[in-house]
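Under this note's numbering, the first residue of the sequence shown carries the number 41, and numbering increases by one thereafter.
Every residue, glycine too, gets a C-beta built ideally from N, C-alpha and C.
Just so we're clear, the structure is a prediction, and the values are computed from it rather than from any experiment.
What follows is one structure encoded as structure tokens, with my remarks underneath.
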Amino acid sequence: MAIQEEHFKKVISHAKEYGFIFPSSEIYDGLSAVYDYAQNGVELKNNIRNYWWKSMVQMHDNIVGIDAAILMHPTTWKASGHVDAFNDPLIDNKDSKKRYRADVLIEDYVAKIEDKIDKEIAKAAKRFGDAFNEKEFISTNQRVVEYIEKKEAILTRMAKSLEKEDLADVKSLIEELEIACPISGSRNWTDVKQFNLMFGTKLGASAESAMDLYLRPETAQGIFVNFLNVQKSGRMKIPFGIAQTGKAFRNEIVARQFIFRMREFEQMEMQFFVRPGEQKKWYESWKETRLKWHLSLGLGNDYYRFHDHEKLAHYADAAADIEFKFPFGFKELEGIHSRTDFDLSSHEKFSGRKLQYFDPELNESYVPYVVETSIGLDRMFLAMFSSALMDETLEDGSVRTVLKLPSVLAPIKAAVLPLVKKDGLPEIAKEIVEDLKWDFNVDYDEKDAIGRRYRRQDAIGTPFCITVDHDTLEDKAVTIRFRDSMEQKRIPIAALRELINEEVSVRKWLKKIQS
Ligand code: ATP
């Protein structure tokens with residue numbers, strides 16, 4: 041098994057074994073692509089949300105937050121385009137009965153061509169050594185040029201067919217490329233059909249009077265319909281932003297890869313309202329700010345890259361993803377979209393209400409343009425969790441499993457451990473817990489040998505273990521052990537709070553954005 045695949049399996053089993061994520065309603069064999077956050081998972085998730093909220097809302101004097109309802113008036117989704125256009129093209133394999141997204145089958149095929157190109161480049165780089173000129177090689181090597189032409193022809197044809205809703209041609213493309221079902225190996229495909237991803241539900245008691253509703257597929261629309269309410273009641277001046285975090289629901293056709301693609305998930309979105317014509321400037325500025333936020337968590341540049349969209353959604357005039365190096369490769373973590381005035385104008389049309397801003401400097405009214413930043417909270421969880429989990433071989437040859445989460449996100453900040461369960465040590469340890477718990481989420485553990493307790497805390501990412509021993513009775517000091525270096529230090533009990541705070545405070549981590 042590939043190392044990456046093995047790592048991903050370990051991520052999933054570790055998340056369950058150590059109380060981060062459970063399959064939903066597991067006693068009934070679970071519900072596909074729906075998950076529950078467990079005792080440690082909910083803390084990590086809340087910490088990620090708070091880190092985002094602090095930086096996006098509370099640290100910006102021109103951004104405020106809201107918490108809109110999941111259920112919205114159904115016309116919202118007509119206006120937003122979701123009723124007509126929030127579709128994925130699906131195709132079934134008649135032999136395996138497995139369902140696929142037609143565009144994903146084609147994209148996976150293209151990814152294989154890209155792998156071939158990468159292999160040719162790597163081979164040539166080895167052959168030519170320092171003299172290797174990658175740009176020149178790509179534009180002149182016959183084989184690579186042919187691969188690139190093939191790849192572009194496929195993507196252009198797919199984009200055109202999808203845009204024209206020519207689903208028969210999407211099927212022809214799959215057939216011409218001889219794409220086979222990964223399960224059955226056969227090329228016995230059904231026609232391609234459009235499938236709307238919204239979950240429907242009903243409001244009202246009797247069948248006749250019930251109103252058809254949708255569970256929101258994104259949080260953004262809750263912000264747009266409240267644009268004027270917030271602007272007026274908060275006396276906001278453009279440019280300003282409205283942020284919210286909350287659940288979204290999508291009936292994904294192919295929901296796999298654990299919490300990467302779920303049917304019920306959480307988004308953290310911010311819509312920034314700007315003057316028409318200034319959207320490009322703000323789009324660039326938010327791309328930069330958001331990347332800095334990610335980098336502040338200390339994983340380094342290698343984990344992130346931008347992917348600029350060539351094919352734009354119906355509402356956008358520019359769009360990019362921040363991709364993260366997940367265990368299964370670089371994939372979208374966050375989207376930054378310049379959404380023009382599409383949403384507000386469309387809501388004006390459908391509601392008959394004016395959604396305009398009077399700009400006192402220009403002395404005119406207009407429908408603002410919008411730049412959106414949208415990140416999946418669960419994907420961010422997976423990004424942090426999968427990159428933090430590692431096996432480390434120690435000097436004595438033993439292996440420890442450690443979750444090296446950024447300490448600001450760690451579920452438990454410190455574990456207080458009496459060396460033995462007697463001689464008054466538990467009492468002192470509990471006193472320390474009583475004091476620290478006002479400021480941090482702390483744990484008390486007196487079971488098993490100290491070494492095993494350390495390993496348990498390593499596995500859930502606790503940055504500090506505090507051990508109370510017999511000397512503590514005399515010197516009012518404890519041994520503090522650092523998760524990553526495993527270094528141990530003796531410090532007075534009275535100094536604990538400051539030391540922990542210095543390492544785990546949001547202030548310390550977020551300040552890195554400014555540097
Ligand atoms: P994808 O192309 O992966 O389906 P998207 O482009 O449809 O994602 P957006 O509509 O831009 O995603 O949503 C913004 C963010 O919400 C994404 O960057 C992602 O982090 C998160 N997200 C979207 N769909 C899901 C899902 N099914 N499960 C978990 N997170 C999701």
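Would you report the Cα separation of residue i and residue j, rounded to the nearest angstrom?
i      : j      : result
Gln261 : Ala454 : 40 Å
Arg559 : Trp333 : Missing from the structure shown is residue 559; the chain here goes from 41 to 555 and no further.
Ala358 : Gln79  : 40 Å
Thr230 : Tyr344 : 38 Å
Leu513 : Phe480 : 24 Å
Val473 : Lys462 : 17 Å
Phe370 : Met424 : 14 Å
Arg275 : Lys204 : 44 Å
Ala208 : Lys233 : 9 Å
His100 : Ser385 : 26 Å
Ala353 : Arg492 : 52 Å
Asp381 : Pro279 : 14 Å
Tyr91  : Phe366 : 21 Å
Gly244 : Leu253 : 10 Å
Tyr397 : Tyr323 : 20 Å
Ser427 : Lys529 : 28 Å
Lys277 : Glu309 : 20 Å
Lys320 : Asp399 : 19 Å
Arg227 : Leu130 : 15 Å
Arg496 : Lys152 : 41 Å
Gln284 : Ser136 : 41 Å
Pro316 : Gln307 : 26 Å
Asp69  : Val82  : 22 Å
Thr196 : Tyr355 : 20 Å
Pro63  : Lys56  : 8 Å
Glu304 : Ser246 : 27 Å
Val411 : Ser438 : 51 Å
Glu66  : Met302 : 16 Å
Leu54  : Phe60  : Looking at the sequence provided, one finds His at residue 54 rather than Leu. Between His54 and Phe60, the C-alpha separation is close to 8 Å.
Asn403 : Trp326 : 27 Å
Lys200 : Ala125 : 16 Å
Tyr409 : Glu258 : 19 Å
His561 : Phe368 : For the chain, the structure presents residues 41 to 555; residue 561 sits outside this window and is missing.
Ile161 : Glu189 : 16 Å
Going by DSSP, what residue range makes up the beta strand (DSSP E) through residue i?
i      : result
Pro458 : 454 to 458
Val508 : 504 to 508
Gly105 : 103 to 105
Thr241 : 240 to 243
Lys233 : 233 to 236
Lys529 : 528 to 532
To the nearest whole angstrom, what separates the beta carbons of residue i and residue j, a pair I think is in contact under 8 Å?
i      : j      : result
Ala499 : Tyr484 : Actually they are not in contact, since the Cβ atoms of Ala499 and Tyr484 sit about 17 Å apart, beyond 8 Å.
Lys50  : Leu429 : 7 Å
Ile194 : Ile146 : 6 Å
Glu154 : Lys211 : The Cβ separation is near 23 Å, so there is no contact.
Gly501 : Ala534 : That pair is no contact at about 26 Å.
Leu202 : Tyr149 : Incorrect: roughly 15 Å between the Cβ atoms, too far for contact.
Ala490 : Leu443 : The amino acid at residue 490 is misidentified as Ala; the sequence shows Ile. Actually they do not touch by this definition, with Cβ atoms about 19 Å apart.
Ser95  : Leu550 : 6 Å
Ala288 : Arg256 : 6 Å
Tyr75  : Val294 : Wrong, their Cβ atoms sit about 16 Å apart, outside the cutoff.
Phe346 : Gln311 : Phe346 to Gln311, Cβ: 20 Å. No contact.
Glu363 : Glu372 : 6 Å
Trp117 : Met251 : The Cβ separation is near 13 Å, so there is no contact.
Between which two residues does the alpha helix (DSSP H) harbouring residue i extend?
i      : result
Arg256 : No alpha helix (DSSP H) contains Arg256, which DSSP labels as neither H nor E.
Val473 : 465 to 476
Leu539 : 536 to 544
His566 : A query on residue 566 cannot be resolved here, the shown segment of the chain reaching from 41 to 555 and no further.
Lys118 : 115 to 119
Residue i CB to nearest chain D CB: under 8 Å?
i      : result
Leu339 : Included in the structure is just one protein chain, with no chain D present.
Is any heavy atom of the ligand ZN found at a distance shorter than 7 Å from the C-beta of residue i?
i      : result
Ile415 : Judged by which ligands are present, the ligand ZN is missing from the structure shown, whose ligands are the ligand ATP.
Start-end ranges of the alpha helix (DSSP H) lying completely within the stretch 132 to 208, minimum 4 residues: Here the runs fully enclosed are 142 to 168, 174 to 180, 182 to 203.
Every unbroken beta strand (DSSP E) within the stretch 245 to 332, with a cutoff of 3 residues, ordered by chain: Secondary structure in the stretch 245 to 332: the beta strand (DSSP E) runs of 3 residues or longer, each lying completely within the stretch, are 251 to 254, 280 to 289, 304 to 314 in chain order.
Unbroken stretches of the alpha helix (DSSP H), 4 residues or longer, contained in the stretch 43 to 81: Complete alpha helix (DSSP H) runs here, min 4: 43 to 57.
Runs of alpha helix (DSSP H) wholly within the stretch 401 to 460 (minimum 4 residues, chain order): If we require 4 residues or more, the alpha helix (DSSP H) runs fully inside the stretch 401 to 460 come out as 417 to 428.
Whole alpha helix (DSSP H) elements within the stretch 349 to 407, 4-residue minimum: For the alpha helix (DSSP H) assignment, the uninterrupted runs of no fewer than 4 residues enclosed by the stretch 349 to 407 are, from N- to C-terminal side, 382 to 391.
4 or more residues per run - each alpha helix (DSSP H) lying fully within the stretch 482 to 526: Correct list: 490 to 499, 510 to 515.
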